[in-house]
Amino acid sequence: MLPASGAASPEARGRLDAAVRKALGGIADIKVQPAKVTGEQLSMFIDLNAEVCDNDDLICLSKLGILAEVDLLLIVEASGQRTLEVELTLVNVERSAVVRTVDGEVRVDDQPNITALVERVFQKAEVPTIVDVTTPTKPVTSTDTEAPVIERGDGVDETKLNGTQFAGVTLASIGGGLAGLGLLGALSCEAIFWTGTGAAQTREDVIAPLGSALWIATIVGGVAAASGGALYLAGAPEGEARRAE
477 MLPASGAASP EARGRLDAAV RKALGGIADI KVQPAKVTGE QLSMFIDLNA EVCDNDDLIC
537 LSKLGILAEV DLLLIVEASG QRTLEVELTL VNVERSAVVR TVDGEVRVDD QPNITALVER
597 VFQKAEVPTI VDVTTPTKPV TSTDTEAPVI ERGDGVDETK LNGTQFAGVT LASIGGGLAG
657 LGLLGALSCE AIFWTGTGAA QTREDVIAPL GSALWIATIV GGVAAASGGA LYLAGAPEGE
717 ARRAE
């Protein structure tokens with residue numbers, strides 16, 4: 477479950493996150509990744525890819541899901557103040573596709589209605605909303621939409637890749653990024669060391685070891701990129717592999 481985004485206040489989004497996680501905990505067959513782990517993986521993903529996924533960028537979201545080793549991603553968007561307009565989107569990581577989108581109006585302290593939304597996005601049996609007659613609340617109004625798989629018209633259509641091919645594309649992308657960043661850093665260290673910039677002791681104790689580590693990272697990234705390309709070709713159907721050769 478990704479942290480809630482949208483125009484709602486940070487406090488409201490935080491309370492909504494907690495309520496959605498509580499609802500998810502009551503659904504059988506669903507094991508929710510802890511928020512702390514998700515935060516660490518988001519930071520790692522941004523460091524490796526130098527990008528933050530938009531909520532409608534299914535390819536980017538699937539790469540994040542593969543890194544996190546999860547099957548599904550739940551995206552929460554919220555706007556409003558006291559009453560929030562909430563949209564929940566469930567993404568299938570392997571298919572790079574939206575499974576279902578559900579929206580409704582809830583309050584952050586209205587756990588029954590938030591639970592109803594979460595149940596609906598997973599297509600579980602709806603639980604009757606328990607309402608205190610002394611405190612009437614606005615019922616959830618929502619629409620369920622089945623979104624089609626989004627296909628890209630240029631380059632590699634990642635929505636049509638099998639598991640092996642998609643893993644290859646992801647590995648090549650991450651490896652290429654690591655190699656590029658490593659090479660840039662290594663060349664900078666080499667320039668600092670050989671031009672005599674800064675104190676000699678600093679160049680020997682800091683710059684030289686850092687440069688060596690970055691050269692290693694460049695090599696590792698290059699190997700990962702090459703391995704990803706090989707994995708993509710290995711997972712291609714026979715006819716497609718022959719065309720690639």
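Under this note's numbering, the first residue of the sequence shown carries the number 477, and numbering increases by one thereafter.
We treat Cβ as the ideally placed atom computed from N, Cα and C, and that holds for glycine.
### Query
What residue from T678, P685, A648 has the CA that sits closest to A701's CA?
For the residues T678, P685, A648, the minimum Cα distance to A701 belongs to A648.
### Query
How big is the Cα-Cα spacing for E666 and I522?
Distance from the CA of E666 to the CA of I522, rounded to the nearest whole angstrom, comes to 26 Å.
#### Entry: Burial state of R489, where buried means 16 or more other Cβ atoms lie within 10 Å
Its Cβ being crowded by 16 or more others within 10 Å, R489 is buried.
### Query
Got a sec, what are the start and stop residues for the alpha helix (DSSP H) T673 sits in?
Careful: T673 lies outside any alpha helix (DSSP H) and carries neither H nor E.
### Query
Between which two residues does the beta strand (DSSP E) carrying L566 extend?
From DSSP, the beta strand (DSSP E) with L566 extends over 559 to 568.
### Limits of the unbroken alpha helix (DSSP H) element including A488
486 to 501 is the span of the alpha helix (DSSP H), which, as asked, contains A488.
### Task
Give the secondary structure of A701 by DSSP, where H, G and I count as helix, E and B as strand, and everything else as coil.
Note: A701 maps to helix in three-state DSSP.
### Message
Three or more C-beta pairs under 8 Å: does that hold for the region 540 to 560 against the region 491 to 505?
### Response
Touching, yes.
### Task
Report yes or no: do three or more beta-carbon pairs, one from the region 651 to 662 and one from the region 686 to 698, lie closer than 8 Å?
With the cut-off at 8 Å, the region 651 to 662 and the region 686 to 698 touch.
### Query
R576 by DSSP, collapsed to three states: which one?
If DSSP states are grouped into helix, strand and coil, R576 belongs with the strands.
### Query
Three-state secondary structure (DSSP) at A643?
Reduced to three states, the DSSP call for A643 is helix.
### Query
Taking just the CA atoms, how far does A710 sit from E545?
Our two residues, E545 and A710, have alpha carbons roughly 22 Å apart in a direct line.
### Query
By Cβ distance, which residues of its chain are closer than 8 Å to I503, with the 5 residues on each side in sequence left out?
The residues are V594, E595, F598, K600.
### Task
With DSSP collapsed to three states, give me the class of A655.
Correct three-state label for A655: helix.
### Message
Using 8 Å as the threshold, is the C-beta distance between L724 and V567 below it?
### Response
Examination of residue 724 is not possible in this model, given that the chain is present from 477 through 721 alone.
### Task
Quick one: using the 10 Å Cβ neighbour count with 16 as the cut-off for buried, is M520 buried or exposed?
The residue is exposed, with fewer than 16 neighbouring Cβ atoms inside 10 Å.
### Message
Does S688 pass the burial test, meaning 16 or more other C-beta atoms within 10 Å, or should it be called exposed?
### Response
Label assigned to S688: exposed.
### Query
D586: which of A480, D530, I692, K498 sits nearest, CA to CA?
Closest by alpha carbon: K498.
### Exposed unless 16 or more other CB atoms sit within 10 angstroms - verdict on G674
Counting other Cβ atoms within 10 Å of its Cβ, G674 stays below 16 and is therefore classed as exposed.
### Query
The alpha helix (DSSP H) with A592 in it runs from where to where?
Bounds of the alpha helix (DSSP H) holding A592 are 587 to 597.
### Query
What are the start and end residues of the beta strand (DSSP E) that includes L550?
Unbroken beta strand (DSSP E) run through L550: 548 to 556.
### Query
Can you tell which of T678, T565, L560 has the C-alpha that lies nearest to the C-alpha of D530?
With distances taken between Cα atoms, D530 lies closest to T565.
### Query
In its own chain, which residues sit with a C-beta less than 6 Å from the C-beta of T646, not counting the 5 before and 5 after it?
K539, I542.
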